[in-house]
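Shown next, in C-alpha coordinates, is the structure this report addresses.
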Amino acid sequence: MRHVPFRRPAVSSPQQSRQKSPPRQVERGLTKYVHASILRQKIEFRALMCLNRFRYVRAIDIAIDCFAERPYAAARHAARLAIRGLVKGGYALKYRTKRHHTIYALTAAGARRLVEASSSSIDARSSIRSAANLTNPEHLLWANFTVLACEARGVHALTESEVMRELNVGTKKIPQAVQGLLTVKARRKVVNADDDEPTKVHLRPDALAFEDDGLVWFEIDATKRSETRRARLLALIRALGTQIPLLRTSARSRGSNHTLVRIVVLTLEPAMLERLRSLIRQEVNKSARRILTVDSGHTRLTGVEPDTYAVWRAVYKEDGTEQVDVCVGHIVLQLAPTWLPNYQGNDPFKSKPRGWFEENYLPYRRAASLPTWPAPITPFI
(Lines of atoms letter the chains of each structure in order from A; the text may use other names.)
(Lines give C-alpha, C1' and ligand atoms only; values in the text may rest on other atoms or scores of the structure.)
Protein backbone atom coordinates (compact mmCIF):
# COMPACT_ATOMS: atom_id res chain seq x y z
CA MET A 0 0.00 0.00 0.00
CA ARG A 1 1.34 3.36 -0.99
CA HIS A 2 1.68 5.87 1.80
CA VAL A 3 -0.26 9.11 1.18
CA PRO A 4 0.88 12.03 3.38
CA PHE A 5 -1.87 13.72 5.32
CA ARG A 6 -2.51 17.32 4.37
CA ARG A 7 -4.67 19.75 6.28
CA PRO A 8 -7.50 21.36 4.30
CA ALA A 9 -6.65 24.88 3.11
CA VAL A 10 -8.43 27.46 5.21
CA SER A 11 -8.16 31.11 4.20
CA SER A 12 -7.08 33.31 7.06
CA PRO A 13 -8.60 36.78 7.56
CA GLN A 14 -5.30 38.24 6.44
CA GLN A 15 -5.36 36.22 3.19
CA SER A 16 -8.98 37.22 2.54
CA ARG A 17 -8.07 40.85 2.97
CA GLN A 18 -5.19 40.44 0.53
CA LYS A 19 -7.45 38.90 -2.10
CA SER A 20 -10.01 41.71 -1.89
CA PRO A 21 -9.49 44.51 -4.44
CA PRO A 22 -7.41 47.37 -3.07
CA ARG A 23 -9.26 50.50 -2.04
CA GLN A 24 -8.65 53.65 -4.02
CA VAL A 25 -7.05 56.36 -1.91
CA GLU A 26 -8.34 59.87 -2.49
CA ARG A 27 -5.36 61.90 -3.68
CA GLY A 28 -6.79 65.26 -2.71
CA LEU A 29 -4.93 68.29 -4.02
CA THR A 30 -2.14 66.18 -5.49
CA LYS A 31 -4.62 65.19 -8.20
CA TYR A 32 -4.29 68.74 -9.53
CA VAL A 33 -0.89 69.89 -8.22
CA HIS A 34 2.28 67.83 -8.00
CA ALA A 35 3.21 66.98 -4.41
CA SER A 36 6.56 68.78 -4.52
CA ILE A 37 5.01 71.93 -6.00
CA LEU A 38 2.20 71.77 -3.43
CA ARG A 39 4.75 71.63 -0.59
CA GLN A 40 6.48 74.71 -1.98
CA LYS A 41 3.18 76.58 -2.23
CA ILE A 42 2.22 75.67 1.34
CA GLU A 43 5.65 76.74 2.62
CA PHE A 44 5.44 80.06 0.76
CA ARG A 45 1.93 80.83 2.03
CA ALA A 46 2.83 79.92 5.62
CA LEU A 47 5.88 82.19 5.44
CA MET A 48 3.66 84.97 4.07
CA CYS A 49 1.30 84.51 7.03
CA LEU A 50 4.20 84.65 9.49
CA ASN A 51 5.59 87.79 7.89
CA ARG A 52 2.21 89.56 7.82
CA PHE A 53 1.07 88.85 11.37
CA ARG A 54 4.52 88.51 13.04
CA TYR A 55 3.28 85.79 15.43
CA VAL A 56 0.95 82.93 14.48
CA ARG A 57 -0.44 79.71 15.91
CA ALA A 58 -1.02 76.41 14.16
CA ILE A 59 -4.72 77.24 13.93
CA ASP A 60 -3.87 80.42 11.99
CA ILE A 61 -1.97 78.39 9.40
CA ALA A 62 -4.90 75.94 9.31
CA ILE A 63 -7.27 78.77 8.41
CA ASP A 64 -4.92 80.46 5.94
CA CYS A 65 -3.99 77.30 4.05
CA PHE A 66 -6.57 74.58 4.73
CA ALA A 67 -9.90 76.22 5.65
CA GLU A 68 -11.80 74.06 3.15
CA ARG A 69 -10.91 70.87 5.07
CA PRO A 70 -12.55 69.48 8.23
CA TYR A 71 -10.93 70.94 11.32
CA ALA A 72 -8.96 67.84 12.40
CA ALA A 73 -7.46 67.44 8.92
CA ALA A 74 -6.76 71.17 8.61
CA ARG A 75 -4.95 71.35 11.93
CA HIS A 76 -2.92 68.22 11.19
CA ALA A 77 -1.80 69.65 7.84
CA ALA A 78 -0.99 72.98 9.51
CA ARG A 79 1.17 71.27 12.13
CA LEU A 80 3.09 69.43 9.42
CA ALA A 81 3.67 72.73 7.62
CA ILE A 82 4.83 74.48 10.80
CA ARG A 83 7.06 71.53 11.68
CA GLY A 84 8.74 71.82 8.30
CA LEU A 85 9.38 75.54 8.80
CA VAL A 86 10.86 74.97 12.25
CA LYS A 87 13.01 72.10 10.98
CA GLY A 88 14.27 74.24 8.12
CA GLY A 89 15.19 77.06 10.50
CA TYR A 90 12.58 79.42 9.02
CA ALA A 91 10.46 79.71 12.16
CA LEU A 92 11.00 79.49 15.91
CA LYS A 93 8.57 78.12 18.48
CA TYR A 94 7.77 80.09 21.64
CA ARG A 95 5.70 79.41 24.73
CA THR A 96 4.29 82.54 26.36
CA LYS A 97 3.69 83.01 30.08
CA ARG A 98 -0.01 82.39 29.48
CA HIS A 99 0.83 79.04 27.82
CA HIS A 100 0.25 80.10 24.22
CA THR A 101 2.31 78.29 21.61
CA ILE A 102 3.26 80.76 18.91
CA TYR A 103 5.70 80.83 16.02
CA ALA A 104 7.82 83.73 14.76
CA LEU A 105 9.77 84.31 11.56
CA THR A 106 13.55 83.95 11.72
CA ALA A 107 16.10 85.84 9.65
CA ALA A 108 16.57 82.71 7.51
CA GLY A 109 12.80 82.55 6.99
CA ALA A 110 12.75 86.20 5.93
CA ARG A 111 15.53 85.58 3.42
CA ARG A 112 13.72 82.49 2.13
CA LEU A 113 10.54 84.53 1.57
CA VAL A 114 12.41 87.32 -0.20
CA GLU A 115 14.11 84.82 -2.50
CA ALA A 116 10.87 82.93 -3.23
CA SER A 117 9.09 86.18 -4.11
CA SER A 118 11.96 87.47 -6.28
CA SER A 119 12.48 90.35 -3.81
CA SER A 120 8.92 91.63 -4.28
CA ILE A 121 8.10 91.09 -0.58
CA ASP A 122 9.70 92.99 2.26
CA ALA A 123 10.18 90.35 4.95
CA ARG A 124 11.57 90.92 8.43
CA SER A 125 12.38 88.63 11.33
CA SER A 126 10.04 88.78 14.36
CA ILE A 127 11.82 86.53 16.85
CA ARG A 128 13.17 89.40 19.00
CA SER A 129 9.73 90.87 19.71
CA ALA A 130 8.19 87.40 20.09
CA ALA A 131 10.59 86.62 22.92
CA ASN A 132 9.20 89.58 24.91
CA LEU A 133 5.50 88.78 24.51
CA THR A 134 3.65 87.99 27.73
CA ASN A 135 -0.08 87.95 26.96
CA PRO A 136 -0.74 88.24 23.20
CA GLU A 137 -4.30 86.83 23.36
CA HIS A 138 -5.94 89.97 22.05
CA LEU A 139 -3.54 90.25 19.12
CA LEU A 140 -3.75 86.56 18.25
CA TRP A 141 -7.54 86.52 18.11
CA ALA A 142 -7.63 89.72 16.05
CA ASN A 143 -5.32 88.04 13.52
CA PHE A 144 -7.49 84.92 13.65
CA THR A 145 -10.57 87.02 12.82
CA VAL A 146 -8.90 88.63 9.79
CA LEU A 147 -7.88 85.21 8.46
CA ALA A 148 -11.40 83.86 9.02
CA CYS A 149 -12.84 86.74 6.97
CA GLU A 150 -10.42 86.14 4.13
CA ALA A 151 -11.18 82.40 4.15
CA ARG A 152 -14.78 83.40 3.35
CA GLY A 153 -13.59 85.59 0.48
CA VAL A 154 -13.97 88.88 2.40
CA HIS A 155 -11.02 91.27 2.46
CA ALA A 156 -10.04 92.32 6.00
CA LEU A 157 -7.38 94.34 7.81
CA THR A 158 -5.93 94.30 11.30
CA GLU A 159 -5.82 97.46 13.44
CA SER A 160 -2.18 98.12 12.56
CA GLU A 161 -2.87 97.66 8.85
CA VAL A 162 -5.83 100.08 9.00
CA MET A 163 -3.76 102.75 10.74
CA ARG A 164 -0.85 102.23 8.37
CA GLU A 165 -3.10 102.76 5.36
CA LEU A 166 -4.75 105.80 6.91
CA ASN A 167 -1.35 107.43 7.44
CA VAL A 168 0.24 106.65 4.09
CA GLY A 169 2.45 109.62 3.18
CA THR A 170 2.26 111.20 6.65
CA LYS A 171 5.73 112.25 7.75
CA LYS A 172 5.05 114.18 10.93
CA ILE A 173 3.62 112.48 14.04
CA PRO A 174 1.27 115.38 14.98
CA GLN A 175 -0.36 115.08 11.56
CA ALA A 176 -0.99 111.36 11.89
CA VAL A 177 -4.59 110.12 12.01
CA GLN A 178 -5.34 108.78 15.49
CA GLY A 179 -8.37 106.63 14.72
CA LEU A 180 -10.67 105.36 12.02
CA LEU A 181 -13.84 106.85 13.53
CA THR A 182 -14.38 109.89 15.75
CA VAL A 183 -17.43 109.80 18.06
CA LYS A 184 -18.70 111.65 21.09
CA ALA A 185 -18.70 109.43 24.16
CA ARG A 186 -19.12 109.85 27.90
CA ARG A 187 -16.88 108.43 30.57
CA LYS A 188 -19.69 106.32 32.03
CA VAL A 189 -22.72 104.48 30.72
CA VAL A 190 -25.06 106.13 33.25
CA ASN A 191 -25.52 109.76 32.26
CA ALA A 192 -24.52 112.37 34.81
CA ASP A 193 -24.68 116.16 34.75
CA ASP A 194 -20.92 116.53 35.12
CA ASP A 195 -20.16 113.88 32.46
CA GLU A 196 -20.09 115.81 29.21
CA PRO A 197 -19.51 113.86 25.97
CA THR A 198 -16.03 114.31 24.52
CA LYS A 199 -14.54 113.42 21.16
CA VAL A 200 -12.90 110.01 21.11
CA HIS A 201 -10.92 108.35 18.31
CA LEU A 202 -11.89 104.69 17.87
CA ARG A 203 -9.92 101.95 16.14
CA PRO A 204 -11.25 98.52 15.15
CA ASP A 205 -9.41 95.40 16.20
CA ALA A 206 -10.25 94.12 12.71
CA LEU A 207 -12.12 95.64 9.79
CA ALA A 208 -13.83 93.66 7.02
CA PHE A 209 -14.92 95.02 3.63
CA GLU A 210 -18.15 93.27 2.66
CA ASP A 211 -20.27 94.08 -0.38
CA ASP A 212 -22.96 95.89 1.63
CA GLY A 213 -20.55 97.86 3.84
CA LEU A 214 -17.96 97.72 6.60
CA VAL A 215 -17.87 95.25 9.49
CA TRP A 216 -16.17 96.48 12.68
CA PHE A 217 -14.72 93.77 14.97
CA GLU A 218 -14.02 94.23 18.67
CA ILE A 219 -12.04 91.54 20.55
CA ASP A 220 -12.82 91.55 24.28
CA ALA A 221 -9.96 89.73 25.98
CA THR A 222 -10.59 91.45 29.32
CA LYS A 223 -13.58 92.83 31.17
CA ARG A 224 -14.76 96.16 29.73
CA SER A 225 -14.35 99.14 32.01
CA GLU A 226 -17.14 101.70 32.37
CA THR A 227 -15.40 103.97 29.87
CA ARG A 228 -15.03 101.21 27.28
CA ARG A 229 -18.68 100.24 27.72
CA ALA A 230 -19.71 103.86 27.05
CA ARG A 231 -17.50 103.95 23.96
CA LEU A 232 -19.11 100.77 22.66
CA LEU A 233 -22.54 102.44 22.91
CA ALA A 234 -21.16 105.46 21.04
CA LEU A 235 -19.87 103.12 18.34
CA ILE A 236 -23.29 101.46 18.09
CA ARG A 237 -24.91 104.86 17.57
CA ALA A 238 -22.58 105.35 14.58
CA LEU A 239 -24.03 102.35 12.73
CA GLY A 240 -25.47 103.32 9.38
CA THR A 241 -23.13 106.28 8.92
CA GLN A 242 -20.25 106.56 6.48
CA ILE A 243 -16.65 106.54 7.66
CA PRO A 244 -15.18 109.57 5.85
CA LEU A 245 -11.52 108.70 6.32
CA LEU A 246 -11.86 105.67 4.10
CA ARG A 247 -12.85 107.82 1.14
CA THR A 248 -9.56 109.73 1.21
CA SER A 249 -6.92 107.60 2.87
CA ALA A 250 -7.53 103.85 2.95
CA ARG A 251 -7.93 101.62 -0.07
CA SER A 252 -11.44 100.30 0.40
CA ARG A 253 -11.28 97.49 -2.19
CA GLY A 254 -14.47 98.61 -3.90
CA SER A 255 -16.68 98.28 -0.82
CA ASN A 256 -18.94 101.13 0.20
CA HIS A 257 -17.98 103.10 3.30
CA THR A 258 -21.09 102.60 5.43
CA LEU A 259 -20.66 100.92 8.81
CA VAL A 260 -23.27 98.14 8.70
CA ARG A 261 -22.21 95.65 11.39
CA ILE A 262 -20.43 95.58 14.73
CA VAL A 263 -19.19 92.19 15.92
CA VAL A 264 -17.93 91.79 19.49
CA LEU A 265 -16.02 88.55 20.13
CA THR A 266 -15.41 87.73 23.77
CA LEU A 267 -12.92 85.20 25.11
CA GLU A 268 -14.95 84.23 28.20
CA PRO A 269 -18.66 83.51 28.78
CA ALA A 270 -18.79 85.99 31.69
CA MET A 271 -17.74 88.83 29.40
CA LEU A 272 -20.43 87.82 26.92
CA GLU A 273 -23.08 87.91 29.63
CA ARG A 274 -22.05 91.43 30.70
CA LEU A 275 -22.33 92.61 27.12
CA ARG A 276 -25.77 91.04 26.83
CA SER A 277 -26.87 92.93 29.92
CA LEU A 278 -25.52 96.21 28.51
CA ILE A 279 -27.28 95.79 25.16
CA ARG A 280 -30.55 94.70 26.81
CA GLN A 281 -30.54 97.89 28.87
CA GLU A 282 -30.13 99.90 25.69
CA VAL A 283 -32.94 97.91 24.02
CA ASN A 284 -35.28 98.74 26.91
CA LYS A 285 -34.26 102.41 26.93
CA SER A 286 -34.86 102.88 23.23
CA ALA A 287 -38.11 100.88 23.00
CA ARG A 288 -40.35 103.96 23.20
CA ARG A 289 -37.91 106.41 21.69
CA ILE A 290 -39.29 108.49 18.81
CA LEU A 291 -36.82 108.56 15.97
CA THR A 292 -36.28 111.65 13.85
CA VAL A 293 -33.57 112.66 11.42
CA ASP A 294 -32.71 115.81 13.38
CA SER A 295 -32.37 114.04 16.74
CA GLY A 296 -30.01 111.37 15.40
CA HIS A 297 -31.40 108.84 17.89
CA THR A 298 -31.31 105.10 17.28
CA ARG A 299 -33.45 102.22 18.47
CA LEU A 300 -32.23 98.69 19.23
CA THR A 301 -34.34 95.56 18.80
CA GLY A 302 -33.47 91.91 19.26
CA VAL A 303 -33.84 89.84 16.09
CA GLU A 304 -32.05 86.60 17.04
CA PRO A 305 -30.17 85.34 20.09
CA ASP A 306 -27.23 87.73 20.61
CA THR A 307 -28.07 89.58 17.39
CA TYR A 308 -29.65 93.05 17.48
CA ALA A 309 -30.89 95.42 14.78
CA VAL A 310 -30.24 99.16 14.91
CA TRP A 311 -32.96 101.45 13.53
CA ARG A 312 -32.65 105.05 12.41
CA ALA A 313 -35.04 107.60 10.87
CA VAL A 314 -34.39 108.64 7.26
CA TYR A 315 -36.27 110.65 4.66
CA LYS A 316 -38.06 108.92 1.83
CA GLU A 317 -36.76 109.50 -1.67
CA ASP A 318 -39.29 112.29 -2.25
CA GLY A 319 -38.18 113.97 1.00
CA THR A 320 -41.73 114.43 2.32
CA GLU A 321 -41.83 111.79 5.04
CA GLN A 322 -39.55 110.13 7.57
CA VAL A 323 -39.46 106.35 7.99
CA ASP A 324 -37.59 104.02 10.32
CA VAL A 325 -35.10 101.72 8.59
CA CYS A 326 -32.67 99.09 9.84
CA VAL A 327 -29.17 100.49 9.31
CA GLY A 328 -27.10 97.65 10.75
CA HIS A 329 -26.69 94.80 13.19
CA ILE A 330 -24.77 94.09 16.38
CA VAL A 331 -23.51 90.53 16.87
CA LEU A 332 -22.25 89.23 20.21
CA GLN A 333 -20.56 85.84 20.37
CA LEU A 334 -17.78 83.83 21.91
CA ALA A 335 -14.54 83.51 20.02
CA PRO A 336 -13.89 79.79 19.35
CA THR A 337 -11.25 79.51 22.06
CA TRP A 338 -11.87 75.75 22.26
CA LEU A 339 -10.54 75.08 18.74
CA PRO A 340 -6.79 75.37 19.53
CA ASN A 341 -7.25 72.87 22.40
CA TYR A 342 -9.25 70.32 20.43
CA GLN A 343 -8.12 66.81 21.40
CA GLY A 344 -9.20 64.46 18.63
CA ASN A 345 -12.40 62.43 18.86
CA ASP A 346 -12.46 61.98 22.63
CA PRO A 347 -16.12 62.68 23.62
CA PHE A 348 -14.99 63.86 27.06
CA LYS A 349 -12.87 66.63 25.61
CA SER A 350 -13.65 69.72 23.57
CA LYS A 351 -15.31 69.27 20.19
CA PRO A 352 -14.40 71.19 17.03
CA ARG A 353 -17.67 73.08 16.81
CA GLY A 354 -17.59 76.49 15.20
CA TRP A 355 -15.44 75.56 12.20
CA PHE A 356 -16.29 76.66 8.66
CA GLU A 357 -18.95 74.01 8.12
CA GLU A 358 -21.15 76.05 10.47
CA ASN A 359 -22.46 79.59 10.50
CA TYR A 360 -19.92 80.75 13.08
CA LEU A 361 -16.74 82.12 11.49
CA PRO A 362 -15.87 84.96 11.22
CA TYR A 363 -19.23 85.80 12.82
CA ARG A 364 -22.72 84.34 13.00
CA ARG A 365 -24.76 85.82 10.16
CA ALA A 366 -28.39 86.77 10.74
CA ALA A 367 -31.08 84.92 8.78
CA SER A 368 -31.82 88.08 6.78
CA LEU A 369 -28.28 88.06 5.31
CA PRO A 370 -26.89 85.75 2.61
CA THR A 371 -25.26 82.56 3.87
CA TRP A 372 -21.49 82.34 4.06
CA PRO A 373 -19.74 80.87 1.01
CA ALA A 374 -17.73 77.72 1.65
CA PRO A 375 -13.94 78.27 1.74
CA ILE A 376 -11.93 77.13 -1.26
CA THR A 377 -8.32 76.04 -1.44
CA PRO A 378 -5.78 78.75 -2.35
CA PHE A 379 -3.46 76.24 -4.03
CA ILE A 380 -5.34 75.59 -7.30
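The sequence shown maps to residues 0 to 380 in numbering that gives the first Met the number 0.
Using N, Cα and C, we set each Cβ at its ideal position, and we do this for glycine too.
CA-CA distance, residue 42 to residue 267, rounds to 30 Å. Distance from the CA of residue 89 to the CA of residue 67, rounded to the nearest whole angstrom, comes to 26 Å.
Each of 296, 227, 261 and 367 was checked against the Cα of residue 322, and the nearest Cα belongs to 296. Minimum Cα-Cα distance from residue 188 among the listed residues 233, 78 and 116 corresponds to 233. Cα atoms of residue 273 and residue 306: separation of roughly 10 Å, rounded to the nearest angstrom. The secondary-structure analysis by DSSP pairs residue 358 with nothing; it has no beta-bridge partner.
Looking from the CA of residue 104, the closest CA among 216, 355, 125 and 157 belongs to 125. For residue 71, the enclosing alpha helix (DSSP H) has its first and last residue at 71-87. Taking 3 residues as the shortest admissible run, the stretch 104-160 contains the following complete beta strand (DSSP E) segments, listed from N- to C-terminal end: 155-158.
In the DSSP annotation of this structure, the continuous segment of the beta strand (DSSP E) that includes residue 309 starts and ends at 307-315. Within its own chain, the residues whose Cβ lies closer than 7 Å to the Cβ of residue 245, once the five positions on either side in sequence are excluded, are 166, 177 and 180, listed in chain order.
Residue environment analysis places residue 70 among the exposed positions, since fewer than 16 neighbouring C-beta atoms fall within 10 angstroms of its C-beta. Out of 140, 40, 96 and 36, the CA that lies nearest to the CA of residue 52 is found in 140. When rounded, the separation of the alpha-carbon atoms in residue 150 and residue 142 is 13 Å. With contacts defined as CB atoms closer than 8 Å, residue 201 and residue 222 fail to qualify as a contacting pair.
In this structure, the CA atom of residue 301 is about 24 Å from the CA atom of residue 225. Under DSSP, residue 330 shares a beta bridge with 262 and 308. Beta-bridge pairing by DSSP links residue 219 to 265. Take residue 265, set aside five residues on each side of it, and the residues of its chain with a beta-carbon closer than 8 Å to its own are 141, 145, 217, 218, 219, 220, 333, 334, 335 and 363, in chain order. For residue 176, there is no enclosing beta strand (DSSP E), since its DSSP letter is neither H nor E. Take the alpha-carbon of residue 119 and the one of residue 243: they are about 35 Å apart.
Of 261, 271, 355 and 256, the smallest CA-CA separation from residue 62 is found for 355. Rounded to the nearest angstrom, the Cβ distance from residue 158 to residue 134 is 20 Å, too far for a contact under 8 Å.
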